[in-house]
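K.L.:
Before I ask anything, here is the structure I am working with.
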Amino acid sequence: NVNSAQAQVVAEQARVKQTAAAFVRQQKLLPKGYTSQSEFDAAQAALRASQSALTAAQAQLANAREQLSYTSLISEAPGVITARQAEVGQVVQATVPIFSLARDGERDAVFNVYESLLAEPPSDKTVVVSLLGNPNIKTTGTVREITPAVSAQTGTVQVKVTLHGLPEGMQLGSVVSATAKTAGKSAVELPWSALTKNLSEPAVWLVDGDGKAQLHNVTVGRYLTGKVIVSDGLDAGQKVIIAGGQLLHPGMKVEIAENTYKDLAPGADQ
1 NVNSAQAQVV AEQARVKQTA AAFVRQQKLL PKGYTSQSEF DAAQAALRAS
51 QSALTAAQAQ LANAREQLSY TSLISEAPGV ITARQAEVGQ VVQATVPIFS
101 LARDGERDAV FNVYESLLAE PPSDKTVVVS LLGNPNIKTT GTVREITPAV
151 SAQTGTVQVK VTLHGLPEGM QLGSVVSATA KTAGKSAVEL PWSALTKNLS
201 EPAVWLVDGD GKAQLHNVTV GRYLTGKVIV SDGLDAGQKV IIAGGQLLHP
251 GMKVEIAENT YKDLAPGADQ
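Structure (structure tokens):
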């Protein structure tokens, strides 16, 4: 550390001073014959060795000070700390992030969005961003960046929306929600009991024109509590069997009962 390196430099400086004084005495005594050449050479070698040791100690001190400077975290720009990745007293390796900083300037709203929601671009490029705690505080923005990779932990992609001005009350670190307009897409809402599978694919049982059960593959857009949203594979007017599917087989004659599933979307056939 710096303190031990400084102490080493002080010790080497004292040693240089001592060997320099001894060498000066030898220089004065040698011409008068009061000392030998070997003693003079030894004093000169001791001085040079102490000077080299002082240079090495000074280099170690400079290196220790440089390493110490790395422990001072200095931001390149003003901003707000949004996350802390280390605790007080924790020993961390070099290059390990300690803080996440949001720069004070042009603001972005950052969202983690499921990839399926980005399959089709929104019809309107403008995104309305509202404060979660007070939806009346809102502004608009445009999508600036979509990360190309899906997070392995959350299964989402990160979307950054550049905000067009900040209203009073919407500060750095505020929790916000976003609303975007997308093109409408038809889908069918069915109860969980209607869903089965054909090998490894999701499927439902349909009643054909002859009143017989037929297994039909579908594409599930979303799984919700107690129901599923079928995004593809069903047409208007088709009759879906929503109960007893485990007892059916292709071509089995079925009897259409009166609709008793009250939560079925209006217009859907049972």
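full-length UniProt numbering numbers the first residue of the sequence shown as 1 and each following residue consecutively. Backbone N, C-alpha and C define an ideal beta-carbon position, used for all residues, glycine too.
(1) Are the CB atoms of T82 and L101 within a distance shorter than 8 Å?
(2) Specify whether the segment 202-217 and the segment 160-179 touch according to this definition: at least 3 beta carbon pairs, one from each stretch, less than 8 Å apart.
(3) Compute the Euclidean distance between the alpha carbons of D124 and P202, then round it to the nearest angstrom.
(4) At which residues does the alpha helix (DSSP H) containing Q3 begin and terminate?
(5) Could you have a look at G89 and say whether DSSP puts it in helix, strand or coil?
(6) Report the option in S69, Q85, Q58 and D104 whose CA atom is closest to the CA atom of G79.
(7) Exposed or buried, what is R48 when buried is set at 16 or more other beta-carbons lying within 10 Å of its beta-carbon?
(8) Give the DSSP-derived three-state secondary structure of A55 in the structure shown.
(9) Is the segment 18-32 in contact with the segment 47-67, if contact means three or more CB pairs nearer than 8 Å?
(10) Could you tell me whether the segment 186-199 touches the segment 157-169, using the rule of 3 or more Cβ pairs below 8 Å?
(11) Tell me the DSSP secondary structure of L190 in three-state form.
(12) Terminal residues of the continuous beta strand (DSSP E) containing V207?
(13) Taking the beta carbon of A236 as the centre, do at least 16 other beta carbons fall within 10 Å, making it buried, or is it exposed?
(14) Apart from the five residues on each side of it in sequence, which residues of its chain come closer than 8 Å, Cβ to Cβ, to T156?
(15) Helix, strand or coil: how does DSSP classify D235 here?
(16) Considering only the beta carbon of each residue, do M252 and A213 sit closer than 8 Å?
(17) Determine the contact status of G141 and V129, defining contact as a CB-CB distance below 8 Å.
(18) Under the rule that 16 or more other beta-carbon atoms within 10 Å means buried, what is A43, buried or exposed?
(19) Determine whether the beta carbon atoms of I146 and L118 lie at a separation below 8 Å.
(20) Give the DSSP-derived three-state secondary structure of L215 in the structure shown.
(21) How far does the beta strand (DSSP E) with Y114 in it reach, from first residue to last?
(22) Could I get the ranges of all uninterrupted beta strand (DSSP E) runs contained in the UniProt domain "CusB-like beta-barrel" (111-176), with 3 residues as the minimum, in chain order?
(23) If we count the other Cβ atoms within 10 Å of its Cβ and call it buried at 16 or more, is A57 buried or exposed?
(24) Less than 7 Å separating the Cβ of R107 from some heavy atom of the ligand FAD?
P.N.:
On the basis of the coordinates in this document:
(1) Translated into positions along the sequence shown, residue 101 becomes position 101. Translated into positions along the sequence shown, residue 82 becomes position 82. Cβ atoms of L101 and T82: closer than 8 Å.
(2) no
(3) One-based indexing of the sequence shown puts residue 124 at position 124. One-based indexing of the sequence shown puts residue 202 at position 202. Those two C-alpha atoms are separated by around 33 Å.
(4) Here residue 3 refers to the residue found at position 3 of the sequence shown. The residue you asked about is not Gln; residue 3 is Asn in the sequence shown. Its alpha helix (DSSP H) spans residues V2 to L29.
(5) The count along the sequence shown starts at 1 and reaches residue 89 at position 89. Three-state DSSP puts G89 in coil, outside helix and strand.
(6) The residue labelled residue 79 in the question sits at position 79 within the sequence shown. Here the closest residue by C-alpha is D104.
(7) Translated into the one-based positions of the sequence shown, residue 48 becomes position 48. Flag for R48 reads exposed.
(8) Here residue 55 refers to the residue found at position 55 of the sequence shown. It is worth fixing the name first, because residue 55 is Thr in this sequence and not Ala. Here T55 sits in helix by DSSP.
(9) yes
(10) no
(11) The residue given as residue 190 occupies position 190 in the sequence shown. Correct three-state label for L190: strand.
(12) Locating residue 207 in the sequence shown gives position 207, counting from the first residue. Residues E201 to V207.
(13) Translated into the one-based positions of the sequence shown, residue 236 becomes position 236. With fewer than 16 other Cβ atoms within 10 Å, it is exposed.
(14) Locating residue 156 in the sequence shown gives position 156, where the first residue counts as 1. Result list for T156: N112, V113, Y114, E115 and V150, in chain order.
(15) Here residue 235 corresponds to residue number 235 of the sequence shown, with the count starting at 1. D235: coil per DSSP, three-state reduction.
(16) On the sequence shown, residue 252 is found 252 positions in, with the first residue counted as 1. On the sequence shown, residue 213 is found 213 positions in, with the first residue counted as 1. Yes.
(17) Numbered from 1 along the sequence shown, position 141 holds the residue referred to as residue 141. Numbered from 1 along the sequence shown, position 129 holds the residue referred to as residue 129. Yes, the Cβ-Cβ distance between G141 and V129 is below 8 Å.
(18) Mapped onto the sequence shown, residue 43 falls at position 43. Its Cβ being crowded by 16 or more others within 10 Å, A43 is buried.
(19) Here residue 146 is taken as the residue at index 146 of the sequence shown, counted from 1. Here residue 118 is taken as the residue at index 118 of the sequence shown, counted from 1. Yes, the pair counts as a contact, with Cβ atoms nearer than the cut-off.
(20) As a first step, residue 215 is located in the sequence shown; it is residue number 215 there, counting from the start. Note: L215 maps to strand in three-state DSSP.
(21) In the sequence shown, counting from the first residue as 1, residue 114 sits at position 114. Note, Y114: beta strand (DSSP E), D108 to Y114.
(22) 126-131, 138-146 and 156-163
(23) Taking the sequence shown and counting its residues from 1, the one referred to as residue 57 is at position 57. The residue is buried, with at least 16 neighbouring Cβ atoms inside 10 Å.
(24) The ligand FAD is not part of this structure, which contains no ligands at all.
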